[in-house]
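These protein sequences, in sequence, are chains A and B. Mapping of the first sequence onto my numbering: position 127 corresponds to residue 129, and the numbering continues sequentially without gaps. Mapping of the second sequence onto my numbering: position 121 corresponds to residue 123, and the numbering continues sequentially without gaps.
Protein chains: 2
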Amino acid sequence: MQNRIENALVNAVARAEHGAPPRLGSALSYAVFPGGARVRPLLCLAVAEANGEAASPLAEAAAAALELLHCASLVHDDLPCFDDASERRGKPSVHRVFGEAIAVLAGDALIVSAFETLALAGMTAPHRLPALVALMARAAGSPSGLVAGQAWESEPSVPVAEYHRAKTGSLFVAATMAGAVVAGRDPLPWRAMGEKLGEAYQVADDLLDALAEGSEGGKPARQDEKLGRPSAVAALGVDGAVAHLRALVAGAADAVPECKGAATLRGLALQMAERLVPVRFKQSAA
Amino acid sequence: MQNRIENALVNAVARAEHGAPPRLGSALSYAVFPGGARVRPLLCLAVAEANGEAASPLAEAAAAALELLHCASLVHDDLPCFDDASERRGKPSVHRVFGEAIAVLAGDALIVSAFETLALAGMTAPHRLPALVALMARAAGSPSGLVAGQAWESEPSVPVAEYHRAKTGSLFVAATMAGAVVAGRDPLPWRAMGEKLGEAYQVADDLLDALAEGSEGGKPARQDEKLGRPSAVAALGVDGAVAHLRALVAGAADAVPECKGAATLRGLALQMAERLVPVRFKQSAA
């Protein structure tokens, strides 16, 4: 799966880069490669596969689109007018290397590239495209997607659950639902799994931020505390947050709807999420 | 037509605004209303109508999407890291009113909203959606759309024709081609008309910038000269630029492919473009 995701991303970035203004083109590659764990696209392909869609251009396009939207949000969230983050994924952030103007444009181009990638693969299955584009747009934009999540940080008072649902949950929900759509299934039963995994990732991110020293998470530590952002660690303490994370993952596995590959998918969810638990809290000693 | 365009835009913005973080929601309305001449959506609907598609949800969605992408690019281009424009359409620019963070996010949300608008209307005509989304993405993104056009300004050396084609031409080409696609026609013959009109608008914009006093064009005058940007006025002089504008408009009218409403559409192109010629150069004395 990892290869199919990387290939789809390489193709999408090459399409946006070839013939582009050189600095913009370089910034697009820099923002997407090398990636993190590619969790959202993996989740999407796993759901598609569990629904009998082992491999299709549309499934790969959906996986790539999720990651492109994720990368776009990282580039924009790191800008000086937001977090002014100096590092991302263990290297200098896009605006530190290419400047603010190119970082704004790179984020824009990655958003557009996500939809272009869907459209080009959609030629092979047009009847599935409207629902797929609509759900990706809902996950990316306003009122309840990534952009809205980031915009809550500019409000004097932040509804915490809604903020996390938009900022982290939305792409996980889109991942599970898109996996169903590309396989020709009703996406609604897949929402709950995405929601729980999204919450689990948010808690894991809060833990990483609170426990990391220096920049071991690939970005500077203790940003939540410094910026006064809502955090599961602040609300529940470290032990409470770890327990909450485990409960959410179990809930995500339970929420997998009946389908051909349900058992495999439940196992994968548990396994993906166990990776999120900070090392010193792992249950297995192996 | 103007009413159908405004209605489609009102619906798109309301969808993005309802339930959104309040400052983001307000910024979206502020960026889209009141609009300019809505030239790109008018052109799209006129081409659809000339091809026998008098009114359809997909045609209106395409028109709205063009304007949303245009507004997004205005919001981002005005940011401090680009032009740092204080005014736009005769009022303070989005970042001056709402701050830089919200301006970045508003632009992002408008881009996403354009694709969401297409997808929702695409449910009624899914077979036309892949081509429509692909051509809008090409016009908006990289390597040859609005984003790429803006990124050429960050390069040490700018290929002028390519810069203008991307920055101004791309949405005009998308407008004429989308008008054909929503009517179920081959879009390729419609490219030339969009290209010529896009060039004409670029020349008109250069003239407006060079001839305007203060901020009568709704934005500060003489920006091209101040920022050392390529301009038809710098290259051809004012008279030469006016002559070039007229030739481009005549070329656009000649480029209208044979279709039911070709004569009307040619008339409309001439009329739209005549509005672009600075007053003191108008031929008619009426």
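Even glycine gets a Cβ: it sits at the ideal position worked out from N, Cα and C.
From the beta-carbon of H78 of chain A, the residues of chain B found nearer than 9 Å are V106, L107, D110. Judged by DSSP in its simplified three-state form, R91 of chain B adopts coil rather than helix or strand. Secondary structure within the region 28–95 of chain B: the alpha helix (DSSP H) runs of 4 or more consecutive residues, fully enclosed, are 41–52, 59–79 (chain order). For G181 of chain B, the enclosing alpha helix (DSSP H) covers residues 172–184. Residues A185, K262 of the same chain have their beta carbon placed closer than 7 Å to that of G54 of chain A, with the five preceding and five following residues left out of the count. The Cβ atoms of S31 of chain B and V15 of chain B sit closer than 8 Å to each other. With fewer than 16 other Cβ atoms from the protein chains shown falling within 10 Å of its own Cβ, A163 of chain B counts as exposed. Contact between the region 118–129 of chain B and the region 131–144 of chain A is established, with three or more Cβ pairs separated by less than 8 Å. Taking the Cβ atoms as the reference, D208 of chain B lies roughly 6 Å from A243 of chain B, within the contact range of under 8 Å.
At a Cβ-Cβ threshold of 8 Å, R91 of chain B and L47 of chain B do not count as neighbours.
Counting only Cβ-Cβ distances below 8 Å, C83 of chain B has contacts in chain A at G101, E102, A103, V106, in chain order. In the structure shown, H20 of chain A adopts coil according to DSSP, grouped into three states. In this chain, the alpha helix (DSSP H) harbouring W154 of chain A covers 148–154.
Chain order gives no chain B residues near A257 of chain A, where near means a beta carbon separation below 8 Å; the closest approach is about 24 Å. The shortest CA-to-CA distance from N13 of chain A to any of A:G143, A:E260, A:L120 is the one to A:L120. Relative to the Cα of A153 of chain A, the nearest Cα in the group B:L45, B:A65, B:E102 belongs to B:E102.
For a cut-off of 8 Å, the C-beta gap from V149 of chain B to A66 of chain A is around 18 Å, too long to register as a contact. The DSSP-derived three-state label of R187 of chain A is coil.
Contact between the region 17–37 of chain B and the region 68–86 of chain B is present, with at least three C-beta pairs closer than 8 Å. If the five residues before and after P259 of chain A are omitted, its C-beta is found closer than 6 Å to the C-beta atoms of P191, all from its own chain and listed in chain order. Note that the C-beta distance between G151 of chain B and F174 of chain B is not below 8 Å.
Selection A:A57, A:A234, A:G143, A:S28 evaluated against A10 of chain A yields A:A57 as nearest (Cα-Cα).
Contacts with chain A at 8 Å (Cβ-Cβ) include Q152 of chain B. Distance from the CA of R98 of chain A to the CA of A29 of chain A, rounded to the nearest whole angstrom, comes to 11 Å. Sorting B:A234, B:L44, B:A236, B:A257 by C-alpha distance to the C-alpha of E8 of chain B places B:L44 at the top. Taking a beta-carbon distance threshold of 8 Å, F117 of chain A counts as an interface residue toward chain B. Rounded to whole angstroms, the Cβ separation of V205 of chain B and L247 of chain B is 4 Å, and the two are in contact under 8 Å. Residue contact with chain B for M125 of chain A: present (Cβ-Cβ distance below 8 Å to some residue of chain B).
In the DSSP assignment, V235 of chain B falls within the alpha helix (DSSP H) that extends over 234–256.
Scanning chain B for C-beta atoms nearer than 9 Å to the C-beta of S146 of chain A yields G21, A22, reported in chain order. Rounded to whole angstroms, I104 of chain A and E276 of chain B show a C-alpha spacing of 36 Å. Look at A194 of chain B here: in three-state DSSP terms it is helix.
Contact of A64 of chain B with chain A is not assigned, every C-beta pair being separated by 8 Å or more. The beta carbon of G171 of chain A sits no closer than 8 Å to any beta carbon of chain B. Ranked by how close their Cα comes to the Cα of A254 of chain A, the residues A:S233, A:D211, A:M195 have A:M195 in first place. At a cut-off of 8 Å, the C-beta of G143 of chain B has a neighbouring C-beta in chain A.
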